[in-house]
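Asker: Before I ask anything, let me first share the structure, which is written out below as structure tokens.
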Amino acid sequence: MAIVKYTKEHEWIRVEDGVGVVGITEYAQEQLGDIVYVELPEVGAGMTQGAEAAVVESVKAASEVYAPVGGEVTEVNQNLADNPGTVNTDAMGEGWFFKMKIADTGEVARLMDGVDYQEYVESLS
Amino acid sequence: MRYLPLTDGDRREMLAAIGVGSVDDLFVDVPQEARRDRPVELPEHLGEMEVEHAFAAMAARNLSAADVPSFLGAGAYGHHVPAAVDHLIQRGEFLTSYTPYQPEVSQGTLAYLFEFQTQVALITGMEVANASLYDGATACAEAVTMAARITKRKKVVLSGGLHPHYREVTETMTRFLGIEMAAAEPDWRGGEDLASGVDDGTACVVVQNPAFFGHLTDFTPLADACHAAGALLVVVVTEVVSLGAVRPPGEMGADIVAVEGQSLGNALNFGGPTVGVLAARQKHLRQMPGRLVGETTDVDGRRGFVLTLSTREQHIRREKATSNICTNAGLCALAFTIHLTLLGEVGFARLAALNHARAVRLADRLAGIDGIDVVNDTFFNEFTVRLPKPALAVVDALADRKILGGVPVARLIPGRAELEPLLLVAVTEANTEAHIDALTAALREVL
Amino acid sequence: MADVDATLTGNRGLALEEAVIFEQDSPGLSGVDLPEPGPGNDRLGGLGRTGAIGLPGLSEPQVVRHYLRLSRMNYGIDSGLYPLGSCTMKYNPRLNERLARLPGLGGLHPLQPTSTVHGALELIDTCAHWLKVLTGMPGITMAPAAGAHGELVGLMTIRAALEARGDARKRVLVPESAHGTNPASAHACGYAVETIAANVRGRVDVGALKAKLDVDVAAIMLTNPNTCGLFETDIIEIADAVHDAGAFFYCDGANFNAIVGRVRPGDLGIDCMHLNLHKTFSTPHGGGGPGSGPVVLSAPLVPYAPLPVVERRGDGFALVEHAGDSSAHPLGRVKGFHGQFGMFVRALAYMMSLGSDGLKQVAEDAVLNANYLLACLKDTLSVPFEGPCMHEVLFDDSFLKDTGVTTLDFAKAMIDEGFHPMTMYFPLVVHGALLMEPTETESKATLDQFIRTVKGLAERARAGDARHFKEAPRLTPRRRLDETAAARNPVLVWRPPPAQAAE
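Structure follows, in structure tokens:
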């Protein structure tokens, strides 16, 4: 069964069979407003946990998206090039950014679960 | 104090409303030792007439290129600017507005910048252009850093036909960014080989067309060589009128074009302000520096224009911006656009043809003078001649006769004996047959 | 908007619609008459253009009408109050324009023999002298093309000086309230940027600054007066700390209008400061340029200033264009030719018109006008930091709490009232910032009208009429524009509609 974990930078990662799917959270897309552009990493890029992996832009803001865990990028969501608004309409689903082969599952285990993340978000307002 | 509308009565009322006794009380946060109670040591205010007299006196100590036969070019050209241009750019709504951050009250600026971007894309043969940069030389430096971002490479090859100021500015502005610059020797004969210097570490090759020395080159083979190595070709154009006659860089495979636009709509102004602009391929849009204007609609569905893709820029991206540029050359871009709109398709081509024809005429006349060699086989409106004497001395002797005869190459590239006899001669539509006669006659005297 | 006033043309009286030039093409027309080039061989070497370019053809009257109509869709300082904070939208004297167009100035070619341009070199030298005296600084470079360019050139000069002593260093400190150009310039100079926090008084937290000062810090970049419109009260202590750490003190001079003729930055311990001639010195903003950004320098930096340099020699002047002709260690060239000469003409005309007495009055009236706004609006809007302010006044959006109206909405409603909005959402240190800079060239009557308008709108927002603000502006040539669509699908050049393209 897939597990979903969260970071303090508002990324989510869904892990299934050692492959992680990464995107930004509902809270993050709401804060950014209408997404106009997503810059994705290159397939094959290796990154450590917390490395800058992507950039997401609205009209008046740009935010880095960080790798929630270390690993290698295996696939990127090409659909976002033409339809960046998908991140707004379905942040946790069709609006995913990239998939990665996870180097160390221990890093996943140490991320926040849904309940913790919810509490974290509430603490921000 | 004609620029200050407050009366002493106003000031007293306002101080009372604020609740302070004097204006000094508003400067209390300035450290005591830096507060001044007296004006600085400079002259007191003057009326409009007195200021005019002072400036007229300074102007009188110059020999204006606008008043005498002038064949000066080398990146700044004396063209005729139609009267309507200068009238329109002084409309207060253009002259005294700022960056169009509030699109609802800036549709005028945004619309002309959209026209400017389109005109630049058309004449360069490129897909997109920005809303201007400072000048051609800084645009060249921006093109190089843009190429380095796109290719993620650090090596840059500069042609020996690149204007020396452009080379120096590019070297200075990239000096602290770890970019490795290889500048070729001055290519005054034309025909340099740059392709052999391109390898898989090269970010871009920078060439100029027409070159600093006037030559025209088909850069298609070089573009192919660059692309085969994963590098970009940057083409610099310092005389924008040439694009009315010469095949544009976009048709030669250029990836980025850096243009100096002074020739259209802008006076010489002793070299500034002028207007730089970058044109590029659509796929590299997000790596472009500077402002971009895009088309959209308003809430009532009517077409309008806005600044767009601002996340590339410093006011949002701060240290991660594509450039630190903020203010560009808006009013000079407007002058460019109005002049080019006045010319239109037919007028732009004819202006270019006229420049070229006059230059050919002068080149032929100079070739007939003993001791003068016209170096170029090809040129647009500027070419290099080799004189039997150092060009600096010849130019000074011509200036004594109230003729500005050209730009000695040694003025820009000093300390090289083989360049000392070389003179750049530019001809525009502003040069009459009488100017050409005057120059040839004077040259016969001074050589 | 209800179209009870709809017209057949889309025009509304004096508000005239206008198509772009590409939609007004009459092929073959030109607004410029030029002679026939005449017969003769070309020397283009086979590189002549082959196809059409695609430029439209228009006659002169069509072109004049087109750009005149476009101009009327703009708001300028000549139209009314333009209180854009940190931009110093003051009156641009027309005398400046006339003088810049004198043939003996505007008609000069930059590469004329130096012997033919002594008047121009004198003008540059005189303009430089005024700027040095006003700032109390020993050196200046006139080369930079604009303020941001000046920042970068100033930092590069600092870096060159540091490298010359074998110590380039790694970081530049920038307050969080800084203009975006500051960190961008530091980055373009190869430095890492580190942010310094503000204190509760809206000034740099000196303790936080000192904690970050070490042997890796090349410079601090501080705007003074800062972007909250406040004078940095601890500036001399900051300068001393920066110098003790072996670093240089860069001051962003964007807000010099507050202190021109009254306070000399040289007395505050700064090393380097750019001056935006289009702000303090009245050269036109021109829809976003051209600017000009001379940089004043302290003695240790002078030898590293970029080329070219105008030097007084005997009765005349020399133009030093090459490192080999210089006794110093110049940075190199940062722009083509000799700086924004046309802007020097305008700035010098402005300075001579006002003189030492008038420039002092400029600072005083600019500060007085801003404090008048503060005094009259402090009970209506919300003030994050205690006054007095300098030449601009900062409010935050807490006065709009629970009204459903944002800072942006409020600004758009100001447009319908005939004012250009203030700067919004900058500086970033307060929430929903509204930064107002009236400048000294506004009358009390104009300020009073502005104050009444702001008060009236604030009352309306608090009375719950959010819709009035959400729908604003209503009375402009275009209403709110879809910036999201523009960014998602960028259309940056005009393309013929498909039917026309198929012809």
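Protein chains in written order, with my numbering: chain U, 47 to 171; chain F, 157 to 603; chain X, 28 to 530.
Just so you know, even glycine gets a beta-carbon here, dropped at the ideal spot from N, CA and C.
1. Can you name, in chain order, every residue of its own chain whose Cβ lies under 6 Å from the Cβ of L132 of chain X, other than the five neighbours on each side?
2. Is there a Cβ of chain F sitting closer than 9 Å to that of H365 of chain X, yes or no?
3. Can you find the residues in the same chain that come closer than 6 Å, C-beta to C-beta, to A29 of chain X, ignoring five residues on each side of it along the sequence?
4. Please check the pair P54 of chain X and G73 of chain X, which I expect to be a contact at CB under 8 Å, by giving their CB distance rounded to whole angstroms.
5. Give the residues of chain U in contact with T467 of chain F, contact being defined as C-beta atoms less than 9 Å apart.
6. Classify Y83 of chain U as helix, strand or coil using the three-state DSSP reduction.
7. Put A29 of chain X into one of helix, strand or coil per three-state DSSP.
8. Name the chain F residues that come within less than 7 Å of R360 of chain X, Cβ to Cβ?
9. Considering only DSSP beta bridges, list what I592 of chain F is partnered with.
10. The alpha helix (DSSP H) with C296 of chain F in it runs from where to where?
11. If we count Cβ pairs, one from each stretch, closer than 8 Å, do we get three or more for the segment 430 to 443 of chain F versus the segment 476 to 496 of chain X?
12. In this structure, how does DSSP classify H301 of chain X when only helix, strand and coil are distinguished?
13. Would you mind reading off the limits of the alpha helix (DSSP H) that contains T162 of chain X?
14. Would the segment 539 to 556 of chain F count as touching the segment 474 to 491 of chain F if we require 3 or more Cβ pairs under 8 Å?
15. Near E530 of chain X, which residues of its chain fall below 7 Å by C-beta distance, leaving aside the five closest residues on each side in sequence?
16. If you run the structure through DSSP and keep just helix, strand and coil, what is K181 of chain U?
17. So what does DSSP say about K51 of chain U, is it helix, strand or coil?
18. Report the three-state DSSP secondary structure of C278 of chain X (helix, strand or coil).
19. For a test of the three-state rule: what should DSSP assign to D159 of chain U, helix, strand or coil?
20. Please state whether DSSP places D180 of chain F in a helix, a strand or coil.
21. Can you check the segment 118 to 142 of chain U for any alpha helix (DSSP H) of at least 4 residues that lies completely inside it and give the ranges in chain order?
22. Any chance the segment 423 to 440 of chain F sits against the segment 283 to 295 of chain F, with 3 or more Cβ pairs inside 8 Å?
23. Closer than 6 Å by C-beta to A106 of chain F: which residues in its own chain qualify, once you throw out the five before and the five after it? Chain order, please.
24. Can you give me the C-alpha to C-alpha distance between L435 of chain X and P411 of chain X, rounded to a whole angstrom?
25. Given a limit of 9 Å on CB to CB distance, which residues of the segment 486 to 499 of chain F reach chain X?
26. Taking DSSP as the reference, what is the three-state secondary structure of V520 of chain X?
27. Which of the residues in the segment 224 to 241 of chain F, read from start to end, lie with their CB under 8 Å from any CB of chain X?
28. So what does DSSP say about G234 of chain F, is it helix, strand or coil?
29. Output yes if chain U places a C-beta closer than 9 Å to the C-beta of M28 of chain X; else output no.
30. Pull up the DSSP beta-bridge partners for Y112 of chain U, would you.
31. With H, G and I counted as helix, E and B as strand and the rest as coil, what does DSSP make of V363 of chain F?
32. Between which two residues does the beta strand (DSSP E) holding P202 of chain X run?
33. Return the chain-ordered list of same chain residues with a C-beta closer than 7 Å to the C-beta of V394 of chain X, the five sequence neighbours on each side being excluded.
34. Should the segment 438 to 447 of chain X be regarded as contacting the segment 256 to 263 of chain X, the criterion being three or more beta carbon pairs within less than 8 Å?
35. Taking DSSP as the reference, what is the three-state secondary structure of E530 of chain X?
36. Three-state secondary structure (DSSP) at D384 of chain X?
Answerer: Result, derived from the coordinates:
1. The beta carbon of L132 of chain X sits closer than 6 Å to the beta carbons of V372 from its chain, once the five residues preceding and following it are set aside; these are given in chain order.
2. At a cut-off of 9 Å between beta-carbon atoms, H365 of chain X makes contact with chain F.
3. Caution applies to A29 of chain X, whose pLDDT of 47 falls short of 50 and renders its modelled position unreliable; the model cannot decide the point.
4. About 27 Å separates the two Cβ atoms, so there is no contact after all.
5. V82, Y83, V101, E103, S104, V105, K106, A107, A108
6. strand
7. For A29 of chain X, the pLDDT reaches just 47, beneath the cut-off of 50, and the residue's location in the model is therefore unreliable, although a value from the coordinates is still provided. Here A29 of chain X sits in coil by DSSP.
8. H321, E324, V325, T328
9. BP columns for I592 of chain F are empty, so no partner.
10. 292 to 307
11. no
12. strand
13. 145 to 162
14. Note that the segment 539 to 556 of chain F does not touch the segment 474 to 491 of chain F; fewer than 3 beta-carbon pairs, one per stretch, sit closer than 8 Å.
15. Summary for E530 of chain X: the model assigns pLDDT 45, below 50, so the residue's position carries little reliability; its value from the coordinates is reported in the next sentence. Around E530 of chain X: no qualifying Cβ.
16. Only positions 47 to 171 of chain U appear in the structure, and residue 181 of chain U is not among them; the question remains open.
17. strand
18. In the displayed model, C278 of chain X falls within a strand according to three-state DSSP.
19. coil
20. In the three-state DSSP reduction, D180 of chain F falls in the helix class (H, G or I).
21. Qualifying alpha helix (DSSP H) stretches, in chain order: 125 to 128, 132 to 135.
22. yes
23. With chain F covering only 157 through 603, there is no way to say anything about residue 106 of chain F.
24. 18 Å
25. G486, L487, C488, A489, L490, T493, I494, H495, L496, T497, L498, L499
26. coil
27. S226, L228, A230, G231, A232, G234, P238, A240
28. coil
29. With a pLDDT of 47 at M28 of chain X, under the threshold of 50, the modelled position of that residue is not reliable, and the figure given next carries that caveat. Chain U, which has no Cβ nearer than 9 Å to the Cβ of M28 of chain X, makes this no.
30. Y112 of chain U pairs with U:E98.
31. In the structure shown, V363 of chain F sits in a strand (DSSP, three-state: E or B).
32. Unbroken beta strand (DSSP E) run through P202 of chain X: 198 to 202.
33. A285, M417, H418
34. no
35. Note that E530 of chain X scores 45 on pLDDT, short of 50, meaning its location in the model is unreliable and no value can be drawn from it.
36. helix
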